[in-house]
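What follows is a short report on a single structure.
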Amino acid sequence: MKYLVQGIALACLALLSSSVYAAPLPYGEVTCKSGYVWREAHTTDYVCVTPAVRAQTKADNQQANNRRSPTGGPYGRDTCKSGYVWRDAFAGDHVCVTPEARAQAADDNAHAEERFVR
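In this note's numbering, the protein residues as written are 25 to 142.
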């Protein structure tokens, strides 16, 4: 009887520990769901996006200087050339992108929480 009670207690403990203590996520609280990756508009940008959006974000970052007005303007050296707007993926994000890329960043930000593994 003693061993049966100990066995039941151990089984209950194993069941409780497996349901309460999940395995740690590879990137902690910022682990993206399958099919998503970090946007990486900045080194601390952990918004989860599709790989295509991350590739576009990287390309936009590489073109940042080419899309700024060489003569400045109302926003100083951050003034974008005609046809471009600030991405605003995060506060202070003044990378000049197309209006479509800015809308994509806003949409990705709006859906950020639902794209993390919880």
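Think of the CB as a built atom: it goes at the ideal place given N, C-alpha and C, for glycine as much as any other residue.
Predicted model, so just to flag it, every value in this text is computed and none were measured.
Query                                                                                                                                                                                               : Result
Give every residue of the same chain whose Cβ lies closer than 6 angstroms to the Cβ of residue 35, excluding the five residues on either side of it in the sequence, and list them in chain order. : Since pLDDT at residue 35 reaches only 47, below the 50 mark, its modelled position is unreliable, and the value read off the structure follows with that caveat. Nothing listed; no residue qualifies.
Going by beta carbon distance, what residues of the same chain come within less than 8 angstroms of residue 24, once the five residues before and after it are set aside?                           : Because the chain is modelled from 25 through 142, residue 24 falls outside the range shown and cannot be assessed.
Would residue 31 be called buried (16 or more neighbouring beta carbons within 10 Å of its own) or exposed?                                                                                         : Caution is warranted here: a pLDDT of 46 is assigned to residue 31, below 50, making its placement in the model unreliable, and the coordinate value is therefore given only provisionally. Burial call: exposed.
Nearest CA to the CA of residue 63: which residue from 57, 54, 77?                                                                                                                                  : 77
Helix, strand or coil: which one does DSSP assign to residue 63?                                                                                                                                    : coil
What residues match up with residue 73 in a beta bridge as DSSP calls it?                                                                                                                           : 61
Among 58, 61, 140, 104, which one has its Cα closest to the Cα of residue 118?                                                                                                                      : 104
Does residue 67 pass the burial test, meaning 16 or more other C-beta atoms within 10 Å, or should it be called exposed?                                                                            : exposed
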